[in-house]
C-alpha cells in the first residue's frame, strides 16, 4: 500500500522544500549580518582597548577571563535591555552581545516562519508541532530575561 | 600575555578547530571546548557558552545546503525538534547547576563515544524490509530521495517514533549540557531507532542542529556564560574554519588522516575525563 505523500515528500517539487529553501537563504543572511555586527564590536574593542564598561590594560588578561564578574574588565551585559542600551551607547562588548543575540534569534525566526507556512497549508498537525518547538525556543530565550 | 595577542591566538585556534571539525564531520564545537579548557585553561562554562554560539552560526549558515540536497526529511526534522529543543533547555539548566569537573567528565565520555562511532564505517546504506509504523504514517514521516551513487530513487519508511523521540531528547540534553551539536546522537536516533537511511539521518541531523542549539543558547547568554572576549573570536573563527573545511572536504577524503585524528580525539577525551576526576578543570 502506498499513499500519495510518499511520492512528493522530499521530492523537491514539494512546497515545503521550496519554502524551507527560501527561509534557509534568509537564515544565511541573518548569520552574515550577526557575524558582521560581532566583527564591528571586535574591531571597536581592539582599537579602543575598552570593553565599553572598563579600560583594558596590557596586563588585564586574567581579569578579562575571570568568571561571572559584576564589574571591571570581566563584566559584560547579559540581558536584552542592557545589550541594547549598551550598543546604543557605543559600548564594544554590548555591540558583540547584540550580534550574539541576533545569531541566537536566527533559528527561532526559521521556526516562526515555518509555523506560518503550515498555517497557510491548513496543515494543523504540523502547525501544532512547529508551534510547540517555537514555544520551547521562546521559553529558552526568555528564561530569566528580566 | 597581552589581551589582544591572546585574542588573536583564540581566533586562530578556532579557525583550525572549524576546519578540523568539518573534515572529521564532528563539528567545531567538540574540538574547541577541549582546546579552551585543557590548553588555554579557561572556565569550562565559558568554553561551552562560546561553543554553542559557534554551533548556531555554522549550522544556520549551512542550512540552505541541507534543504537543497533534497535528502533532508524536513517533516521528520521538525517533528523531532520537539524533543531536541525540550532536551536542550533541560540540559542548559542542568549545566548551570553542575560543577565544571562534572561537565568535563561528561564531555570526555561523549567525545570518546563520538570518535568511536566515527571510526565504525557503516555497511548497510539503506535498511531493507522496514515496515513503517502507523504513527509515522499519520505524522507523514516516510520519505524518498534520489541517490546519485546508486542511480535511483530510494523510498523509505520509518518506524520507532517513541524511541526516536526519546533518543532525540537525550541528544538535546547533551547539546544543551555541553554546548555541542551532538549530531552523533541525533543520527543514532534516526538511523538505529527509526531505521531511516543513513544519508537521510545525517543530513536531517545537520538541519536540526541550529534550532536545537538556539534553545539552550539563550539560557547561556542570560546566565552570563557567553563572554564576548571568548565567544566572539571563537564563533567567527569556527564559522570561517568550517566554510574552509567544507570546501577542502571535497578534495580530501583520506581515511589515513581521519585515523590519526581519531587517536588524538580519544586522547583528548581521556584527558577531559582525567582532569575532571582530578578536579584540575575550572
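Chains as they are written, first to last, in my numbering: chain C, 1 to 146; chain F, 1 to 282. From the three backbone atoms N, C-alpha and C, an ideal C-beta is built for every residue, glycine too.
Which of the three DSSP states, helix, strand or coil, is assigned to residue i?
i: residue 281 of chain F; result: coil
i: residue 54 of chain C; result: coil
i: residue 60 of chain C; result: coil
i: residue 226 of chain F; result: coil
i: residue 14 of chain F; result: helix
i: residue 105 of chain C; result: helix
i: residue 76 of chain C; result: coil
i: residue 134 of chain C; result: helix
i: residue 49 of chain C; result: coil
i: residue 259 of chain F; result: helix
i: residue 70 of chain C; result: coil
i: residue 143 of chain C; result: coil
i: residue 275 of chain F; result: helix
Check this for me: beta carbons of residue i and residue j, under 9 Å apart or not?
i: residue 74 of chain F; j: residue 20 of chain C; result: yes
i: residue 280 of chain F; j: residue 66 of chain F; result: no
i: residue 99 of chain F; j: residue 272 of chain F; result: no
i: residue 140 of chain C; j: residue 92 of chain F; result: yes
i: residue 264 of chain F; j: residue 18 of chain F; result: no
i: residue 61 of chain F; j: residue 27 of chain C; result: yes
i: residue 103 of chain C; j: residue 115 of chain F; result: no
i: residue 27 of chain F; j: residue 14 of chain F; result: no
i: residue 37 of chain C; j: residue 110 of chain C; result: no
i: residue 48 of chain F; j: residue 16 of chain F; result: no
i: residue 171 of chain F; j: residue 188 of chain F; result: yes
i: residue 186 of chain F; j: residue 84 of chain F; result: yes
Just the chain C side, please: which residues come within less than 8 Å of residue i by C-beta, in chain order?
i: residue 60 of chain F; result: 27, 28, 30, 31, 103, 106, 107 and 110
i: residue 45 of chain F; result: 67
i: residue 216 of chain F; result: 140
i: residue 82 of chain F; result: 129, 132, 133 and 136
i: residue 28 of chain F; result: Within 8 Å Cβ-Cβ: nothing; residue 28 of chain F doesn't reach chain C, min ~14 Å.
Taking residue i as the query, report the chain C residues whose CB atoms sit under 9 Å from its CB, ordered along the chain.
i: residue 236 of chain F; result: 35, 38, 39 and 42
Given that residue i touches chain F, what residues does it touch there, using C-beta distances under 7 Å?
i: residue 93 of chain C; result: 228
Along chain F, in chain order, which residues have C-beta atoms closer than 8 Å to that of residue i?
i: residue 53 of chain C; result: Near residue 53 of chain C there are no residues of chain F at all, since even the closest Cβ is about 10 Å away, more than 8 Å.
i: residue 86 of chain C; result: Those do not exist, as residue 86 of chain C stays about 11 Å from chain F at its closest Cβ, beyond 8 Å.
i: residue 46 of chain C; result: 4 and 7
List the residues of chain F that residue i touches, going by C-beta distances under 9 Å, in chain order.
i: residue 82 of chain C; result: Here the premise fails: no neighbours, minimum Cβ distance about 11 Å.
i: residue 17 of chain C; result: 67, 68, 70, 72 and 74
Which chain A residues sit within Cβ distance under 7 Å of residue i?
i: residue 224 of chain F; result: The structure shown has no chain A; the protein chains it does contain are C and F.
List, in chain order, every chain C residue whose beta-carbon is nearer than 7 Å to that of residue i.
i: residue 68 of chain F; result: 21
i: residue 239 of chain F; result: 35
| field | the region 228–243 of chain F / the region 189–201 of chain F touching (three or more Cβ pairs under 8 Å) | value | no
| Segments of 4+ residues assigned as alpha helix (DSSP H) that fall wholly inside the region 98–158 of chain F | 100–119 and 134–138
| With a cut-off of 8 Å, do at least 3 Cβ pairs link the region 153–160 of chain F to the region 129–145 of chain F? | yes
| field | Start-end ranges of the alpha helix (DSSP H) lying completely within the region 164–206 of chain F, minimum 4 residues | value | 183–188
| Inter-stretch contact at 8 Å, needing at least 3 Cβ pairs: the region 32–47 of chain F / the region 99–111 of chain F | yes
| Taking three-plus beta-carbon pairs below 8 Å as touching, is the region 34–50 of chain C in contact with the region 85–94 of chain C? | The region 34–50 of chain C makes contact with the region 85–94 of chain C; the number of CB pairs closer than 8 Å reaches 3 or more.
| said: For the structure I just gave you, are there three or more beta carbon pairs, one from the region 67–80 of chain C and one from the region 211–228 of chain F, closer than 8 Å? | reply: yes
| said: Tell me whether the region 70–85 of chain C and the region 48–59 of chain C touch, counting them as touching only if at least three CB pairs, one residue from each stretch, are closer than 8 Å. | reply: yes
| query | Of all the alpha helix (DSSP H) runs that stay within the bounds of the region 29–81 of chain F, which reach a length of 4 or more residues? | reply | 29–34 and 44–68
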